[in-house]
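Visitor: The working numbering runs 4 ahead of the 1-based position in the sequence shown.
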Amino acid sequence: MNIQLLDKTFTIFIEKQDIQNRVKLIAQQINRDFVGKCPIFLPVLNGAFPFASDLAKHLTLICEFEFIKISSYKGDLSAKHQPFIMLGVDSSAIENKDVIIIEDIVDTGKTMDMLMRYLKQRNPKSITVACLFHKHNLSPNIHLDYVGFQIPDDFIIGYGLDYANLGRNLPDVYKLC
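1. For Glu-107, which beta-bridge partners are listed by DSSP?
2. Could you please give me the residues that DSSP links to Glu-19 through a beta bridge?
3. Suppose you measure from the CA of Pro-175 to the CA of Phe-38; what does that come to, to the nearest Å?
4. How would you call Thr-115, buried or exposed, if buried means at least 16 neighbouring beta carbons within 10 angstroms?
5. Of the choices Ile-146, Ala-168, Leu-136, whose alpha-carbon is the least far from that of Lys-20?
6. How big is the Cα-Cα spacing for Val-151 and Asn-6?
7. Looking at the structure shown, is Lys-4 part of a helix, part of a strand, or coil, going by DSSP?
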């Protein structure tokens, strides 16, 4: 099934049930790895909100949530702009805590690199990264602790990912035709 958003056509890439299965597995791994700890989850808005919401439903540990908003896209198909923080996090919220970044996609790694530097200045106890999609061929040296899907360098939308801020609400993930 194809869908049309503005001037682009997209075709189904990953179905919602496959996404939900991976999200549940990631939550189970986090539950095991953080037994006895109270991590603070830090979803990166806007794209990571569906992943964070679904992940939270499967977490059995006591935890906190804060949010950060970062942008590197300006309606384009690629992250060619330098990432910048639109909504930061208070240092006291993460100081000496185990922080788990929740990211929708890591492609070039620029955003993750900038975010890691930003967070390290706020003295967390540890930083862990959970991302749903990773374009490994674009950022092979980025360390990610939990990865849902290794994907090729395709432009994708759905499940939080967008084209010109459209398509985030789609439960499946689509790639550009």
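We treat Cβ as the ideally placed atom computed from N, Cα and C, and that holds for glycine.
Guide: Well, looking at it:
1. Taking the sequence shown and counting its residues from 1, the one referred to as residue 107 is at position 103. Under DSSP, Glu-107 shares a beta bridge with Cys-135.
2. Start at 1 with the first residue of the sequence shown, and residue 19 comes out as number 15. Per DSSP, none; premise fails for Glu-19.
3. Position 171 of the sequence shown, counted from the first residue, corresponds to residue 175. Position 34 of the sequence shown, counted from the first residue, corresponds to residue 38. Answer to the nearest angstrom: the Cα atoms are 28 angstroms apart.
4. By 1-based counting over the sequence shown, the position of residue 115 is 111. With 16 or more other Cβ atoms within 10 Å, it is buried.
5. Here residue 20 corresponds to residue number 16 of the sequence shown, with the count starting at 1. Of the listed residues, the one whose Cα sits closest to Lys-20 is Leu-136.
6. Residue 151 sits at position 147 when you count from the first residue of the sequence shown. Residue 6 sits at position 2 when you count from the first residue of the sequence shown. Taking the straight line from one Cα to the other gives about 26 angstroms.
7. Past the edges of the chain, shown from 5 to 181, lies residue 4, and the structure says nothing about it.
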